[in-house]
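Each step along the sequence shown adds one to the number in UniProt numbering, with nothing skipped, and position 255 is 255.
Below you'll find the structure, written out as structure tokens, and then a few comments.
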Amino acid sequence: MESDSDEDLDEEDEDSGYRIPLSNEIVLKGHTKVWDLRQMKEALHVFDDLPNHYAQTNIAFSPDEQLFLTGTSVERESTTGGLLCIYDRAKLELVSRVGISPTYSVVQCAWHPRLNQIFATVGDRHEGGTHILYDPTISERGALVCVARAPRKQSIDDFQAQPVIHNPHALPLFRDQPSRKRQREKILKDPLKSHKPELPINGPGGLIKETWMEEDPREAILKYADVAAKDPKFIAPAYAETQPEPVFAKSDSEDEEK
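Printed below as a string of structure tokens:
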């Protein structure tokens, strides 16, 4: 079966399904197209009134292989909805069109040989469902098991709570710690955290003036000698009247005596 989309395509139509019966006489491929394996040059019959928007659309046979069926897609301006089209294999005629869903397309179908029931899946890009066609006289089990049961009576005690569902991961206490990689990615997106840090205050040689161990303490003190002589502030003013000339103690060092 070839898909027959309503969209304008320059390429060839995409084939969505093939089906060969056990007798190996015909092949279905198409819009739908019926082929004879003994004469493959030309199709026996072409059914053009089968819109299809899904590549998963298939063709199914009845258990005796005398009927074949396929589904149709819902068109925008159509009022028929999704249909299940059943054809006679020998006469190549339409036997029946069964309306499955007014809003959903019939994507796939199957005719169960033991249950003698037809299953049709319908849906769109968001949701879907399954429809079952049966005959109360010739079908067995399957959907008949559910249909035979009476619907359960509602009791006054029936109560369905509407709980509020909280996401545990939304709370910081239960939230998983992000990995280091994600933390770095998050920081890089923050303009305040990802800016270049300010450079430190550099001194001579790239140091912050930590050169006191290499300095001569005597030279460091003597560089203030001229300032202290011109403007004495502490000891010299106290002895300015009693001892204007400073008197130093004699040195005990042998090197200075020499």
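All residues carry an ideal CB built from backbone N, CA and C; glycine is no exception.
Worksheet item: Is there at least one non-hydrogen atom of the ligand GTP closer than 6 angstroms to the beta-carbon of SER155?
Response: Only the bare structure without any ligand can be found here, which leaves the ligand GTP out of the picture.
Discussion item. Going by DSSP in three states, VAL164 sits in which element: helix, strand or coil?
Written reply: coil
Worksheet item: Which residue spans inside the stretch 107–161 form an unbroken alpha helix (DSSP H) run of at least 4?
Response: 143–147
Practice prompt. Please determine if the stretch 102–112 and the stretch 154–173 are in contact, where contact requires at least 3 C-beta pairs separated by less than 8 angstroms.
Written response: Too few Cβ pairs lie closer than 8 angstroms, so no.
Discussion item. Can you tell me whether GLY99 is buried or exposed? The criterion is at least 16 other CB atoms within 10 Å of its CB, across all chains shown.
Written reply: exposed
Fill in: Same chain only: Cβ atoms within 7 angstroms of VAL95, ignoring 5 sequence neighbours per side
LEU67, ILE86, TYR87 and ASP88
Practice prompt. Identify which residue in GLN154, LYS33 and ASP49 has its Cα closest to the Cα of GLU42.
Written response: Comparing Cα positions, the closest option is LYS33.
Worksheet item: Per DSSP, PHE61 forms a beta bridge with which residues?
Response: PHE68
Worksheet item: Quick one: what's got a C-beta closer than 8 angstroms to ARG114's C-beta in the same chain, skipping five residues either side?
Response: GLU140
Practice prompt. Could you spell out where the beta strand (DSSP E) holding residue 308 opens and where it closes?
Written response: Only positions 1 to 258 of the chain appear in the structure, and residue 308 is not among them; the question remains open.
Worksheet entry | residue 344, enclosing alpha helix (DSSP H) - first and last residue | Past the boundaries of the shown model lies residue 344; the chain is included only from 1 to 258, so the question cannot be answered.
Practice prompt. Have a look at LYS186 and PRO172 and give me their C-alpha separation to the nearest angstrom.
Written response: Each residue's Cα considered, the two are about 17 angstroms apart.
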